[in-house]
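Here's the structure, in structure tokens; my notes come after.
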Amino acid sequence: MSAINSKQTPSTSRPEPGADVQTFKQTITQIDQTSQEAFDLIELISDLLICASESTKFHTNPRLLRNALQAIHSIAVDAQNTINCLAEDVGCNYSESSHLVFDRFPQAVEPLTGRGVE
Numbered sequence: 097m098s099a100i101n102s103k104q105t106p107s108t109s110r111p112e113p114g115a116d117v118q119t120f121k122q123t124i125t126q127i128d129q130t131s132q133e134a135f136d137l138i139e140l141i142s143d144l145l146i147c148a149s150e151s152t153k154f155h156t157n158p159r160l161l162r163n164a165l166q167a168i169h170s171i172a173v174d175a176q177n178t179i180n181c182l183a184e185d186v187g188c189n190y191s192e193s194s195h196l197v198f199d200r201f202p203q204a205v206e207p208l209t210g211r212g213v214e
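To convert, note that position 108 of the sequence shown is 204 in my numbering; the numbers rise steadily by one, no gaps.
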């Protein structure tokens, strides 16, 4: 029997050619779902804050704003971690450290304000 016609055992066989595509499609769908849920929640919280800010009593309760910002932060961190894990699972995660953006922030602000950010 030639090597071309021989069958591989399941332990040494390669996945079907479309399996990677299917995995990527499922991962992209999960990433899309996660991002939509997170952005919908952030939009809802910001809409509530906008409505609340129109009340004269809004400024007497700074805890409301702090709690809303903490909720937005938590939603963003959870979504970022979930999306990053999903991307890592298929070997497609972004690897540049986000601190590079923040390292350039003071230089970006200086022309606008005339001074850097301490």
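All residues carry an ideal CB built from backbone N, CA and C; glycine is no exception.
- DSSP, reduced to helix, strand and coil, places Gly187 outside both helices and strands of the structure shown, so it counts as coil.
- The DSSP-derived three-state label of Thr152 is coil.
- Assigned with DSSP and collapsed to three states, Asn157 falls in coil, not helix or strand.
- Between Ser131 and Ala175, the C-beta spacing is below 8 angstroms.
- Contact between the segment 152 to 167 and the segment 118 to 125 is not established, with fewer than three Cβ pairs separated by less than 8 angstroms.
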